[in-house]
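Chains X and D supply the protein sequences, listed in that same order. Residues in the first sequence are numbered from 8 upward in steps of one, following the working numbering. Residues in the second sequence are numbered from 8 upward in steps of one, following the working numbering. For glycine and all other residues, C-beta sits at the position ideal for the given N, C-alpha and C. These notes concern the structure reproduced below.
2 protein chains.
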Amino acid sequence: MKDIAKAADVSPMTVSRVLSGGKNVRPQVREHVERVIAEVGYHRNENARRLRQGERSGLIGVLITNIGNPYYAGMLQGVEQVVAATGRRVMVGLTNEDADLEKQLVLDFLGRQVEGLIVVPVGQDPVRFAPERLGGVPLVLASRSFDGSLADAVLLDDVRGAFEATRRMLEEGHRRIAYLGNRVSVATGRRRLEGFESAHRELGFEPAPDLVRLGQQDADSAERAMDDLLDLADPPTAVFAANNRNSVGVIRSMNRHRAEARRAGVELPTLRLFGFDSFEFADMSPIPLSIVDHDPSELGRIAAKLLFDRLEGESQGAPARLVELPVRLVDFS
Amino acid sequence: MKDIAKAADVSPMTVSRVLSGGKNVRPQVREHVERVIAEVGYHRNENARRLRQGERSGLIGVLITNIGNPYYAGMLQGVEQVVAATGRRVMVGLTNEDADLEKQLVLDFLGRQVEGLIVVPVGQDPVRFAPERLGGVPLVLASRSFDGSLADAVLLDDVRGAFEATRRMLEEGHRRIAYLGNRVSVATGRRRLEGFESAHRELGFEPAPDLVRLGQQDADSAERAMDDLLDLADPPTAVFAANNRNSVGVIRSMNRHRAEARRAGVELPTLRLFGFDSFEFADMSPIPLSIVDHDPSELGRIAAKLLFDRLEGESQGAPARLVELPVRLVDFS
DNA sequence: CTGTTAGCGCCTTCAG
DNA sequence: CTGAAGGCGCTAACAG
Chain X
8 MKDIAKAADV SPMTVSRVLS GGKNVRPQVR EHVERVIAEV GYHRNENARR
58 LRQGERSGLI GVLITNIGNP YYAGMLQGVE QVVAATGRRV MVGLTNEDAD
108 LEKQLVLDFL GRQVEGLIVV PVGQDPVRFA PERLGGVPLV LASRSFDGSL
158 ADAVLLDDVR GAFEATRRML EEGHRRIAYL GNRVSVATGR RRLEGFESAH
208 RELGFEPAPD LVRLGQQDAD SAERAMDDLL DLADPPTAVF AANNRNSVGV
258 IRSMNRHRAE ARRAGVELPT LRLFGFDSFE FADMSPIPLS IVDHDPSELG
308 RIAAKLLFDR LEGESQGAPA RLVELPVRLV DFS
Chain D
8 MKDIAKAADV SPMTVSRVLS GGKNVRPQVR EHVERVIAEV GYHRNENARR
58 LRQGERSGLI GVLITNIGNP YYAGMLQGVE QVVAATGRRV MVGLTNEDAD
108 LEKQLVLDFL GRQVEGLIVV PVGQDPVRFA PERLGGVPLV LASRSFDGSL
158 ADAVLLDDVR GAFEATRRML EEGHRRIAYL GNRVSVATGR RRLEGFESAH
208 RELGFEPAPD LVRLGQQDAD SAERAMDDLL DLADPPTAVF AANNRNSVGV
258 IRSMNRHRAE ARRAGVELPT LRLFGFDSFE FADMSPIPLS IVDHDPSELG
308 RIAAKLLFDR LEGESQGAPA RLVELPVRLV DFS
């Protein structure tokens with residue numbers, strides 16, 4: 008700014024005034040300063056600007072496990088939409104399901120003065136997100152939570168979604184139902200498994216322990232897990248896939264097996280699939296499919312709204328709020 | 008920091024030293040200061056820290072048109088990977104194909120002292136990215152460019168990809184080939200259309216003007232455009248979809264038409280589809296499909312590498328570089 | 001090993 | 001309408 012001032016032969020203060028709208032500056036001087044600014048291609052340093060006490064940084068930190076998953080991409084889109092509408096910007100970090108990386112990113116983001124954090128948490132340690140560790144920066148957990156969390160959170164109604172889906176399968180007469188999901192250390196994984204199991208028990212059945220496969224974080228590993236299940240002596244007749252990565256893997260595996268069998272002259276029995284989270288082409292699944300569905304961008308929008316509510320809304324000192332978004336069962340057949 | 012200093016009864020400088028690794032501080036004092044820091048949950052202000060001359064902000068700005076498209080999500084993933092490896096962070100802005108929004112975001116990012124920009128550009132105006140407008144901040148264009156650009160760019164070999172795909176369709180005997188793509192104001196759209204047309208001409212044919220549909224930016228509009236084409240008196244026998252959103256729309260429309268016809272007792276002739284960019288389940292397309300394929304995260308990684316090369320590598324004063332990534336034709340049948 | 005000084009870029013406050 | 005002074009949070013350089 009000093010350089011501009013020198014070049015325009017005014018004081019830095021005049022340049023500052025011009026950049027802030029030009030109030031109290033003679034039009035002539037203003038135009039001159041503006042010309043110099045344009046020539047040099049000067050941009051006011053926002054970081055220095057926001058150094059002043061009480062100025063907010065205008066940054067919201069968002070930590071996501073993996074944008075390769077369209078689910079989180081959709082969520083990010085929802086968050087960005089709401090954040091941008093307040094004139095703020097989003098800083099994105101990808102934790103890649105790595106707890107250490109997450110911790111590091113949180114510290115870095117706090118150091119960069121984010122006004123708030125929206126996080127898809129990795130792992131269970133509640134200490135890392137204790138309010139005093141965050142230096143008072145508000146936090147909203149999205150899509151997952153963990154025991155002992157004191158933060159606002161937006162979750163899906165995982166338990167009910169998995170419960171309803173499982174009940175439907177049981178009512179359709181299936182007794183050998185497989186479950187493919189994340190590690191149980193992932194909270195949504197645990198909650199969905201819980202719904203799966205309680206539906207069995209409520210209807211007087213026991214889930215088959217040999218059909219539960221946990222720990223698949225991507226479509227490839229899910230596909231292999233499903234290959235495994237299809238090769239069992241007594242394979243499942245239906246599958247609950249606890250997230251879209253697992254659904255995709257199941258469909259791929261199933262399709263391959265079916266094609267191979269057909270080549271050998273055998274027609275494989277159709278498998279019934281229920282999945283959590285939608286994915287592109289769910290409407291064209293080659294096998295009967297129902298989805299526990301919801302809009303990830305909506306989850307993102309709500310997470311951002313919770314955050315701003317705490318930042319500038321009425322809920323400033325309020326206790327942690329938990330929003331459980333309803334899900335709906337959609338049939339594609 | 009002053010507060011910490013006061014609470015620990017040392018000078019701010021000592022606190023600063025502790026935070027920078029604790030060199031030249033008595034272990035005893037160090038521990039004490041560290042305890043106070045942990046108690047208060049204090050985080051050093053990175054922005055203030057980087058205010059000093061010569062300090063870099065550690066921020067890379069990334070402007071993407073739409074992360075809802077898995078293609079750009081993959082690209083972002085590639086960028087983030089390389090950026091994070093240098094200890095820097097990514098600031099993301101979504102331009103939503105809006106040129107005004109893009110301009111605003113660029114200015115904002117420059118103000119926030121990004122060290123570099125990676126942009127999927129919207130529109131054609133070359134002035135907005137003139138180096139002097141960017142105040143010397145290096146820029147890499149990703150996936151698209153525009154006439155008169157002086158910036159580094161990573162593009163796909165759009166022309167060749169579209170050319171090869173079209174030639175294949177012509178060689179397979181198709182003469183009524185539809186083209187579904189973006190607006191021509193989008194550079195990739197223009198380049199792909201160019202390949203489509205030149206393949207026709209090279210083999211002695213003319214593209215059918217009534218089968219060219221431009222301007223579909225999402226799967227829904229592509230689906231409607233395809234509905235339209237299928238209702239023609241003389242419908243196409245093959246389709247080239249210039250991006251994955253259009254491919255998805257085509258498949259949806261085709262599938263619906265086929266199901267409707269089947270209900271009416273008619274078996275529709277199969278349509279041959281060639282698409283640009285892959286998408287999930289390309290391997291399970293219900294109609295014969297070939298894809299001009301490439302890895303978007305690779306494009307992102309290369310864009311980031313070009314940027315860092317200019318930032319700290321050898322290519323600092325070099326003229327603009329253009330990388331055209333090869334594509335490959337993959338058949339799913 | 002520790003503290004003081006000065007300045008990074010900007011703007012509020014106060015004086016002309 | 002314009003400028004000078006001072007301070008936001010931090011640290012390099014220079015005393016002690």
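For residue 257 of chain D, there is no enclosing beta strand (DSSP E); the enclosing alpha helix (DSSP H) has its first and last residue at 251 to 270. If the five residues before and after residue 158 of chain D are omitted, its C-beta is found closer than 7 angstroms to the C-beta atoms of 136, 146, 147, 148 and 327, all from its own chain and listed in chain order. Taken in chain order, the members of the region 41 to 53 of chain D whose beta-carbon sits within less than 7 angstroms of a beta-carbon on chain X are 48, 49, 50, 51, 52 and 53. Contacts between residue 141 of chain D and chain X, judged by CB atoms closer than 7 angstroms, involve 48 in chain order. Counting C-beta pairs with one atom in each stretch, the region 216 to 226 of chain X and the region 180 to 189 of chain X have three or more that are closer than 8 angstroms, which means they touch.
Take the alpha-carbon of residue 173 of chain D and the one of residue 181 of chain D: they are about 9 angstroms apart.
Within the region 83 to 121 of chain D, the complete beta strand (DSSP E) runs of at least 3 residues fall at 96 to 101. Cβ proximity to chain D below 9 angstroms picks out 69, 73, 74, 75, 76, 77, 79, 80, 81, 83, 84, 87, 88 and 91 from the region 69 to 91 of chain X. Chain D places a beta carbon closer than 9 angstroms to that of residue 119 of chain X, counting this residue as a contact. Shown here is that no member of the region 208 to 241 of chain D has a Cβ falling below 7 angstroms from a Cβ of chain X.
Along the region 291 to 318 of chain X, going in chain order, the ones with a CB nearer than 7 angstroms to a CB of chain D are 291 and 293. With three or more CB-CB distances shorter than 8 angstroms, the region 327 to 336 of chain D counts as touching the region 291 to 307 of chain D. Sixteen is the threshold: when 16 or more other Cβ atoms of the shown chains lie within 10 Å of the Cβ of residue 171 of chain X, as they do, the residue is buried.
Comparing C-alpha distances from residue 124 of chain D to each of D:317, D:329 and D:330 shows the shortest one belongs to D:317.
Beta-carbon to beta-carbon, residue 293 of chain D and residue 291 of chain X are separated by about 6 angstroms, close enough to satisfy the 8 angstroms threshold. When only Cα atoms are considered, residue 102 of chain X and residue 130 of chain X end up about 11 angstroms apart. In chain order, 54 make up the part of chain X whose C-beta sits under 8 angstroms from the C-beta of residue 64 of chain D.
Residues of the region 95 to 110 of chain X with a Cβ closer than 8 angstroms to any Cβ of chain D, in chain order: 96, 97, 98, 99, 100 and 101.
About 17 angstroms separates the Cβ atoms of residue 215 of chain D and residue 175 of chain D, ruling out a contact at the 8 angstroms cut-off. The Cβ-Cβ distance between residue 283 of chain D and residue 315 of chain D does not fall below 9 angstroms. Contact check for residue 99 of chain X against residue 141 of chain X fails: the beta carbons are separated by 9 angstroms or more. Only residues of its own chain outside the window of five on either side were considered, and among them 19 and 22 have a CB closer than 6 angstroms to the CB of residue 8 of chain D, listed in chain order.
The alpha carbon of residue 287 of chain X has as its nearest neighbour, out of D:121, D:259, D:205 and D:91, the alpha carbon of D:259. The residue from X:127, X:243, X:272 and X:325 with its alpha-carbon nearest to that of residue 194 of chain X is X:127.
The CB of residue 115 of chain X comes closer than 8 angstroms to the CB of 53 and 96 in chain D, given here in chain order.
At a C-beta separation below 8 angstroms, residue 255 of chain X has these neighbours in chain D: 287 and 288. Spatial neighbours of residue 295 of chain X in its own chain (CB-CB distance under 6 angstroms, excluding positions within 5 residues in sequence) are listed in chain order as 279 and 340. Contact between residue 168 of chain X and residue 196 of chain X fails: their C-beta atoms lie close to 13 angstroms from each other, not under 8 angstroms. Interface flag for residue 58 of chain D against chain X is set, since a Cβ pair is found closer than 9 angstroms.
Contact annotation, residue 96 of chain X with residue 115 of chain D: C-beta distance approximately 7 angstroms; criterion of less than 8 angstroms satisfied.
For residue 331 of chain D, the uninterrupted beta strand (DSSP E) segment begins and ends at 329 to 332.
From the beta-carbon of residue 262 of chain D, the residues of chain X found nearer than 7 angstroms are 291. Between the C-alpha atoms of residue 272 of chain D and residue 220 of chain X there is a straight-line separation of about 43 angstroms. The beta carbon of residue 138 of chain X sits closer than 9 angstroms to some beta carbon of chain D.
By the Cβ criterion, the region 306 to 313 of chain D is in contact with the region 74 to 94 of chain D, since at least three pairs of Cβ atoms, one from each stretch, lie closer than 8 angstroms.
Taking 9 angstroms as the threshold, the shortest C-beta distance from residue 259 of chain D to chain X falls below it.
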